Structure formats: structure tokens, C-alpha cells
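In what follows, a single structure is set out as C-alpha cells and then discussed.
Chains as they are written, first to last, in full-length UniProt numbering: chain A, 1 to 588; chain B, 1 to 424.
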């Protein structure tokens, strides 16, 4: 629980890494998507324009073929003497009847040669149209050509076949026209017209027309001659011809333009004989819009991002997991002691950190252990040194007392004292490290008391009150002896005689020892115990004073010595020790 | 991408195959009747009237009238029928009488006989051979192409003639009057398209002759006296400079309306075009078609005219019934047809209707419809056969040689052999 909370901490590594990664993934995904869509569009438009320019070339070819047919027919009309005679000569109707027939036959023949090009032929003299191969196809009023733009324009350019846009009775036409000339006299005698229904031109490209894919044939001034969107035929769209001109000038295959308020891909080809431009307009939305399925892309994107998020979440979690566990472990180290080691797992880095931490901890522990060992050894050396210094005066005095008893003939007494002395020496000169049972310590004390009483008389009695359940507990050897010694030599200077009481009992897990006397007591201001005369002490190194320090060193601050004393009422020394039956060496 | 298109294409094919498959099942008793016809002012209008009349009582029938150019109809029919399919074809189609036999003889199975829907006795007799084949009646005779000689009475009067001089007249008489009128007014007699031999057709049919034998197949040109006479008269008119050439319909109408000519020998369907020039009201009359001189012939002939045919496609019974109930039975319908379209049917009982008795002020109060109806009954029956226009192209060519001075018999023999080669 804490782990999660830590992880969601806004400044936590996990949150930071996660959010940054998420942001980056989304950024990259969106950027790549846009780039790809753009590239796809570009690619499509490129491909598309290639296909469409092939189509346009095909259409252009059809247009040129149409033009070629018309040019051939026009030239045949131009060179026909029958037609020239018919158009230029005045003749009586009965002759005209025949020449008209021949002209009709000739023109019909030319019309047949045009084949399935849905084009009709009309010939006209200076005044009016004299014959049309199909009047229903192009019901032009015969006299209407007089003064017409077409007639005037072709008269100015007599050797060229020109194309014009024209409308008649709700039908749109493209009319190819050429003035007819007598080569010798250079006199114009009429004109030939080739009306082409707009639908015929449209049929060239109608197969390729789709919604959003429109074709326009515009003349040089932008007048729409033919178009798949019939509403604009005859209208002027100069922007188309302008764009087309620019495109041809700069040799562009296609360009993207805004036309009729939509974005269009424009392809154009010049139809030189017609002096017109074939323009293909592709609505970009229709062409490319469907290329990209926005819904699908968004779904895919969302899916990929979601998948990436899950992976990122898991990986980040794994990464930060080991790290935050490491952090936690490190935090816990002071509480749990030097023994604690980290489980190093996860990534290389965290493993290395764990390893380094652990080896540091190892070294630290080794170091601390060494230090403790050194201290212990030092203290043991100290204690050993102290204990081995059995006061020679004590030995000398005790021996003197025993010699005196022997001299007095008190053999029994002397023997008892001798036994006590032997036992005392036996127990004390041994290893000072050893903890001894309360029973053994009390035994030592009793021997000591016996010796002292032999030397100094019976005026100080010693009573032992030991709780039986405490007999087996172990305490540092000779821990109580200095206090009894102290009472012997200092508590009864003023008081002639008295009693020293030794009490041992258990209280919870503690072992309590009390040495109480009813001697002189001490003044309130001098709470420390006086130093014993060196000559009377059993050991010259061990004093009452450093017992307290020794206990604390061994067992900690909870334990130690406390002294209560009142002048004239005796002194009470209380030792608090842990109740323990262990006898290991290191307890000391 | 190509693959996708290919798939789509295949898909479409499959779909269309399915739809057409299931469609023909459903078509078995369809209520959708399609009609193809040309000329919106005449044929289409006539059909619209019939549709309205019929739907008053048979509202469930859905008649769709589609306008197509005559050439397109012929082309589509030929294309479809020759490939043995009726897909995309209408239920009812209008066919010109001159062309009818070529369809009936080539594809008799593709047409549905209407014997049960009409009574052939009710129609002008000359219509029957051309609309029937091997004893079965396929066509419902529609408009009459009954011919008449439209004349400018004012021009005739200037030359001292009246329309009475043209009653039961022959062509010699007509040419005589034409010459006189030209002298008096400077106006030529008729206008003629050198490629269009309609005039010759009218002339020979008045004597019961045609380009072909009665079998409708064998060319009958070299020994055709009527044709020979017609050629002679044609040349006579041209040599006398009585003919004004025109090259197309507009020039034809212009010549009439401009008052350039004094006579128009033509089918009755020209009436609306003549009446279009309202300023000439009262200056026109219609005389019976002239006879051929020296040959057995009548003062009646025909030019053009067409009939309705039912194609052998689903819905044929209903289509035939529709035609029978209207064009084959409804006198009131023909009254409307006369009044609103100005057209003349070939359904004889209709001729007794009131509308036929109307006097036309444009024609000086003449009851032209009644006259036409009377002449219709007299039109000699001929078998137009298969090759009217093929032979006419040959003749149009050959007649020029004759006009140039070649011997008439040689010219006709030449035409005969050409026709035998081309028209089989």
C-alpha cells in the first residue's frame, strides 16, 4: 500500500518517468500518424496524377484524332472544285439541282468518312449555309452565319481550321470552321463548318468521369467549351485557362488549386490544334479523403498507445520497484541493525547499488565487530591483570593469622581457616572471566568472611539471606566481595560491633543483590564509597568504585549499583543484574 | 489497387447478373410499359394523349414514353434484335412504314402479333401489307401519310387557274399550271431535295407500283412503267425550271413559308408547317394528289406514316391491349389527336367524328381532314418491302445521269442491276 502511494507521489520517479513517457509516446504517435497520412496523400496524389495524366494523354489523342479527321475533311472540301463551283457560281435552278446533288453526295461521302466521329458537315457560301449533312443535329438558321463572330474570325485567318464554342436551341456545340479560298484568285467563296455536339467531346472523357473527378475543355480565354459538369458550359472560367497556361509554362504535371471553393488537384494539357486546354479537376476531398479512414487510424493509434502505456507502466513499475524497495531497505537499516542486508534484484544499476550497499554494510559490520572485540580484549586484559594482583598484604596478613592460631595451639581453628583460605584462593585465582553461580559466589564470600573474622575477631557478624530460586543464576565472579570488604573495614570504625546482611533475590527478570550494614553510614554529601586500605584488600586492583562501571559495561545502562546511606544508620548497597543462567564467556 | 477494382468490377457483374436474373422473373407481369418514338411535336404528343386516355380507366399501368431520334431507334433495334436480345428494348416502338418490313421479315420472333387486340378491317387498307407479315398483324397502324397537293390559290389565280382545275388532275396538267404560274408570278412550282425522292414514291404509289415487286424483295425498276413516267415528269419539271432546290428541312420549310413556290406535293403531316406562316391564311388549298398520265392510277397516294409495334418482351400482352384500346378502338382519342396534334390517323371509324368535319380557314374553309380521310381510303396498297431507302439511294444517283441527258431506259436498267446487287 505504501509502495503504491510512494509511487504515485507526484515527485516520485515512477510518476515522472511514466508521465514523460506517456506524453512522448502520444507525441510520437500523433506526429508519425500525421506524417504518414501526409506521405500517403502525397504518394496517392503523385500516383493519381500519373494515372490521370495518362488518361489525359488518351483523351488528348482522341481529340487529335477528331481534329485530324476534321482537318482532312476540311481540306477535301477546300479542294473540291464541285463545291467551289456550287458555292461561287450563280446558275439556273435546274442546273443547280444537279450541282446541289453532287455537292450533297460529296459532302455526305466526307461525312461517311468521318465515321463514328459524331460530327456533321455544313457548307456555306458568303451568305448562308447551303447544305448540312444533318439538319436535326445542328439546326442552324441558314442565314445566321452572316456577320457571325465565327464567320468573321475565320475570314481573318483564312488558312486555319479554328474551333469555337456555340450554343443553339439549348444544345452546346463546338464548331470547327474554315474559310474556303480559291487559291488562284485568293478570293473567299464560302466556309465549311463542322458542328460537334458537346456530348461528342464529352464522350472522349466521360468514361473517366467520377464524382469529384471532372473534366473541362476551355478555350484560350477561359470559355468552357465542354465539361462533365454541364452547368458551366459556355461560361467563362478564366482562372482555369490561366492556371493551365502557367502549368504548361512551368511543366508541372499537376498542381493543387482552390477551385469553386474546394481544394482540387488540377491536371491540364494543351490541345494545340483546338487552341484549348483540357483540364482535369479532381476534388481532393473525394479523391484523398477516403484514403484515410480516420476512425480506423484513431482506433489503431489509441490501441497502440494503450498497449505502449501498459508496457511502459509495467517496465517503469519494475524499474522503480527495485529502486523504491532499495530506498525503503536503506531507510530501514538504522532501525534493524547492521545485520540487515538488501535483496539486490531488478536492473543492473539497482543491483550494483544493492551490492555496493551490502558490501559497505559488510565492511562496516566487520569493522564494528573488530572494534568491539578489541575493546573486550582490552577490558579482559585489564581485569585479568587486576585480578591476578592478589594483594600480598592480604596473603601475608592471613598467613600471619593462621601461624598465630597454630602457635596458640588452636589446631582445629587453624585448619578451618586454612581450608577457607585455600578454597578462596582456588576460586579467585582461576579465570576471572567466568560467571559463577550465586551459590558459588556466596561460598566465596563465606570463606572470605571466615578469614576476616579470624583476623579481626567476631565483632562484625555476616548474615546471608539468599532466595533459594536464585542459587542457579550466574553473576560475574567476585562482584559482591568488594562491598563486603568495604563494609568490614569502613562501616564499623565508630560502631564497635554490627552485622552485615547479604540479600539476593529475584524481581521479574532482574537479580537483585543487597549488601547492607548497620555501621557508621556516610554523610549525605559523600555518596561515593571510600577506597579501602590497600593493605587489607584481597585484590589491590578491584575497587568498589569500578564495580558499577563494570556492570554497566556488561549489561547496559539499566543495570548497575546504587548506594543509600545515612550517617549513623549504616549503608545499603544494591546491585541490579539481569537474571541469567548462561555461563558463556562473553557475558563478561 | 487494380486488384480491388477488379474485385469491385466482378462484384458489380455478379450483382447486375443477379438483378437482371431476378428482374426478368418479376417482369413477367410488369405494369411498366416503355415506348420509344421520335418527333416530340407529333408522335410523342399522340402517345401522351393515348396514355392519358388509357390511364383514366387503367391507372395501374405505368407508361413511360422515351424520345429517341428515328435513326437511333433503328440502330438500337437492329443492334439488339440482330444479337437476339431484347434487353433494354421498350415494349412499344414506332417504326416508319417504309422500314417496317425489313424488321418484321428479319426478326419475326421478336415482335408480338396484335391480331387479338385490333381488327385490321378498321384501318386504311394500304397500311395493312406493310404492318403485317405472313398473315399475322404485327403493327397497330398509326398516322396516315396520305398525300395531297398543297397549292397557293392566290398564285394560281394570278395565272388564271383555280383549285378546281386540280381536282382529279394528272401531272401533265399540274406542270402546265406550274409553268403558267411561274410565268405570271416568277414563283417556281415545287421545292425539291435532290437526294429525297419522296415525290417519285408518291407518284408511283398512286398507280399501285413500288420500287419492288409485290413480293417485297425483287427490284422492279427497269420495267416499271410508273417509275419511268415519274422519272420523265421529274426531268420535265426540272428542265422547265419549275423546281427550287433545297438541301434540308429548314430550307424546305423556308421555301414554303417565304412563298417561293406555288405547290407542295406532300403527306398530310406537312399541314402544321404550312400553317405556321399565319400571314398566308386563306391563300392555301389542298388538292387531291395528281395521277400519273397515261397509266392506271388514282388521285391518292401516301408519303411517310408509321405504326406502333409491340416487341416480344415481358409486358407484351398489356402493351398490345393498351394499343388496341386506344389506337385500335377509341374514336374520341382520334378526335383529340386531330384537334390537339393536327394529326390524321388511319382508323377508319374515326373519320366520321366531328373533328374531321371541321372547316379550316387557313385553307379557305376547306374541310381538309375530311378530304384527307376520304383520300386515305383510296390509297393503293403496295408492299414497301425491305429496301426502300437502299434503292432510293441508287435512284437518286441514277436520276442525275438521266437529268444529264442519258437515256432513260439505260439509266433504269443500270439502276435495276445495281439494286439487284445491293438489295438482296
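A virtual CB, placed ideally from N, CA and C, is assigned to each residue, including glycine. All of these numbers come straight from a predicted model, not from anything done at the bench.
According to the DSSP secondary-structure assignment, residue 513(A) is paired through a beta bridge with 504(A), 575(A).
Taking a C-beta distance under 8 Å as the contact criterion, residue 254(B) and residue 261(B) do not qualify as a contact pair. DSSP, reduced to helix, strand and coil, places residue 91(A) outside both helices and strands of the structure shown, so it counts as coil. Annotation: residue 556(A) to residue 488(A) spans about 29 Å, alpha carbon to alpha carbon.
Contiguous alpha helix (DSSP H) elements confined to the segment 134 to 178 of chain A occur at 149 to 156, taking only those with 4 or more residues. Counting only Cβ-Cβ distances below 7 Å, residue 238(B) has contacts in chain A at 94, 97, in chain order. Distances from the CA of residue 159(B) to each of 173(B), 181(B), 153(B), 148(B) were compared; the closest alpha carbon is that of 181(B). By the C-beta density criterion, residue 147(A) is exposed, having fewer than 16 other C-beta atoms within 10 angstroms. As for any alpha helix (DSSP H) of minimum length 4 sitting wholly inside the segment 70 to 114 of chain A, the runs are 81 to 88, 93 to 114, ordered along the chain. For residue 82(A), the CB contacts under 8 Å within the same chain, skipping 5 residues up- and downstream, are 99, 102, 103, 106 in chain order. In its chain, beyond the 5 residues on either side, 231, 235, 408, 411 have a beta carbon closer than 7 Å to the beta carbon of residue 402(B). Secondary structure of residue 193(B) (DSSP, three-state): coil.
The C-beta distance from residue 423(B) to residue 390(B) rounds to 5 Å, short enough to fall under 8 Å. Interface annotation, residue 110(A): not in contact with chain B, CB-CB separation never under 8 Å. Residue contact with chain A for residue 249(B): present (Cβ-Cβ distance below 8 Å to some residue of chain A). Under the DSSP assignment, residue 54(B) falls outside any beta strand (DSSP E), being part of the alpha helix (DSSP H) whose first and last residues are 43 to 55.
Distance from the Cα of residue 112(B) is smallest, within the candidate group 106(B), 138(B), 100(B), for 138(B).
Between residue 292(B) and residue 171(B), the CB-CB gap stays under 8 Å. Counting C-beta atoms within 10 angstroms of its own C-beta, residue 399(A) has fewer than 16 neighbours from the protein chains shown and is therefore classed as exposed.
Under the rule that a run must span 4 or more residues, the alpha helix (DSSP H) segments found entirely inside the segment 342 to 397 of chain B read 368 to 378. For residue 110(B), there is no enclosing alpha helix (DSSP H), as DSSP marks it with neither H nor E. At least 8 Å separates the beta-carbon of residue 130(A) from that of residue 138(A).
Around residue 223(A), the same chain offers 165, 236 as residues with beta carbons nearer than 6 Å, after the five sequence neighbours per side are excluded.
Counted as a single uninterrupted DSSP element, the alpha helix (DSSP H) harbouring residue 335(B) occupies residues 331 to 336. Uninterrupted alpha helix (DSSP H) stretches at least 4 residues long and entirely within the segment 189 to 243 of chain B occur at 198 to 206, 225 to 239, given in chain order. The beta carbons of residue 372(B) and residue 148(B) sit about 6 Å from each other, so the pair counts as a contact at 8 Å. Under the Cβ distance rule, residue 254(A) does not count among the residues neighbouring chain B, no pair being separated by less than 8 Å. At a cut-off of 8 Å between beta-carbon atoms, residue 195(B) makes contact with chain A.
The Cβ neighbour count for residue 19(A), taken over all protein chains shown within 10 Å, is under 16; the residue is labelled exposed.
Counting the other Cβ atoms within 10 Å of the Cβ of residue 387(B) gives 16 or more, which makes it buried. The criterion of a C-beta distance shorter than 8 Å is not satisfied by residue 307(B) and residue 35(B). The C-beta distance from residue 267(B) to residue 42(B) rounds to 11 Å, too long to meet the 8 Å contact threshold. Between residue 130(B) and residue 109(B) the beta-carbon gap is near 19 Å, outside 8 Å, which marks them as no contact.
For residue 142(A), the nearest beta carbon of chain B is closer than 8 Å to its own beta carbon.
Setting aside the 5 residues that flank it on each side, residue 88(A) is surrounded in the same chain by 189, each with a C-beta closer than 6 Å to its C-beta; the list follows chain order. Runs of the alpha helix (DSSP H) spanning 4 or more residues and lying entirely within the segment 405 to 450 of chain A occur at 411 to 429, in chain order.
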